[in-house]
Amino acid sequence: MPSPRTAALLLGLLLAALPARAAELVLSLAGQEQRLDTASLLARPDVAQITIPADVSYQAARRYRAVPLRALLGAMEGVETVEAQASDGFASQLPAGLLRAGPAEPWIAVEDPAAPWPALPGKAASAGPFYLVWLNPAAGDVRPEQWPYMLARLTAVEPPLRRWPQLAVAAGLPATDPARHGAEIYVTQCLTCHRMKGAGAGEMGPDLGAPMPALAYLTEAGLRALIRDPAAVRTWPGRQMPAFDEAALPPAELEALVAYLRHQAGR
């Protein structure tokens, strides 16, 4: 009978000899589920070489073989929001209208196993096997958190404030209160990683509303500094939070976000 160490080695060799399972992108829309693998996507007649002049994740110009997402999604009748889930726990809530029409064009970049992409800056892995990229993003006010990489699944869901009522501000809050706009910013820029009182699908960062609100243990000045440059405030193992400069989060939006977190902390 082989020793445990020998058995483990044999198992490792056996697993290594098995063919790798093809990467799949799952589309769950309008009650139907599609599983699209790398080979089938790269074989589509509408696959094209596209150039992204300023790739958000690689922070440089990049060329990709990609498929127009609108062709994959179809009409999406009745769909208001699409949740883009990544294999690393990132989950972006994308307005269906942004995906369906407009000057900003969403594409699914597909990593060819025969020509793998480089590792992302500061990470050991690439953006593959699937990556949602945009042509003309500024024309549609596409935000950095709306470029999910390591994409695994696109699912039709309820709009965030309807799906998770605890995200909403108090009904009696004045229409002009910045916290109302801050709720929208939180959904777009923060909910991808940070839940709010249990609301959300992201799993990369701590919940900023439970078990204790973020502004119960952070000062507002500290929170602003953490958002602008996390590494300048504190370091922790496995930190993945990016810095949000004024291009990604203008000063007025940062103040609206702080107002929202202040409002949530007082409820």
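In terms of this note's numbering, the sequence shown has 305 at position 171, counting the first letter as 1, and numbering is strictly consecutive.
C-beta atoms are modelled at their ideal positions from N, C-alpha and C, and glycine is treated no differently.
Being a predicted model, the structure only gives us computed values, none of them experimental.
C-beta atoms of residue i and residue j nearer than 8 Å
i      : j      : result
Glu217 : Ala333 : no
Met284 : Ala359 : no
Val244 : Ala177 : no
Leu203 : Pro240 : yes
Gly212 : Gly236 : no
Met346 : Pro364 : no
Val276 : Ala313 : no
Ile361 : Leu325 : no
Met330 : Gly343 : yes
Ala195 : Ile184 : no
Ala399 : Ala350 : yes
His315 : Ala381 : no
Start and end residues, beta strand (DSSP E) containing residue i
i      : result
Arg287 : 285–291
Tyr198 : 194–202
Thr185 : 182–189
Leu395 : From DSSP, Leu395 is part of no beta strand (DSSP E) but of the alpha helix (DSSP H) over 385–399.
Arg169 : 166–171
Glu158 : 158–163
Residue nearest to residue i in terms of C-alpha spacing, selected from the options
i      : options                        : result
Asn270 : Leu254, Ala188, Ala253         : Ala188
Pro261 : Ile242, Thr326, Gly274, Gln398 : In the sequence as displayed, the identity of residue 261 is Ala instead of Pro. Checking every option, the nearest Cα to that of Ala261 belongs to Ile242.
Arg197 : Gln280, Tyr265, Arg329         : Tyr265
Trp268 : Ala344, Leu206, Val190         : Val190
Ala209 : Gln193, Leu232, Asp222         : Leu232
Pro255 : Leu170, Gln193, Pro263, Ala390 : Gln193
Leu207 : Thr172, Leu161, Gly223         : Leu161
Ala157 : Pro263, Lys257, Leu175         : Pro263
Glu279 : Cys327, Arg401, Gln183, Ile186 : Cys327
Gln323 : Glu214, Thr172, Asp246, Glu387 : Glu387
Leu395 : Ala195, Val303, Val181         : Val303
Thr172 : Asp180, Pro179, Leu159         : Leu159
Leu175 : Asp246, Thr215, Arg234         : Asp246
Gly223 : Arg287, Ala348, Arg169         : Arg287
Thr289 : Pro385, Glu214, Asp180, Ala205 : Glu214
Leu307 : Arg401, Trp298, Ala377, Pro282 : Arg401
Enclosing alpha helix (DSSP H) for residue i [first to last residue]
i      : result
Arg368 : Run containing Arg368: none; DSSP gives neither H nor E here.
Ala359 : 354–362
| task | Specify whether the segment 309–322 and the segment 355–370 touch according to this definition: at least 3 beta carbon pairs, one from each stretch, less than 8 Å apart. | result | By the criterion of at least three beta-carbon pairs nearer than 8 Å, the segment 309–322 is not in contact with the segment 355–370.
| query | What residue ranges within the segment 273–352 form continuous alpha helix (DSSP H) runs of no fewer than 4 residues, ordered along the chain? | reply | List check, alpha helix (DSSP H) in window: 294–297, 312–319, 348–351.
| Are there three or more Cβ pairs, one per stretch, closer than 8 Å when the segment 277–296 is compared with the segment 220–233? | Segments in contact, yes.
| Enumerated in chain order, which unbroken segments of the alpha helix (DSSP H) with a length of 4 residues or greater are wholly contained in the segment 205–287? | Runs of the alpha helix (DSSP H) inside the segment 205–287: 230–234.
| Should the segment 161–171 be regarded as contacting the segment 249–256, the criterion being three or more beta carbon pairs within less than 8 Å? | Under the Cβ criterion (8 Å, minimum of three pairs), the segment 161–171 does not count as touching the segment 249–256.
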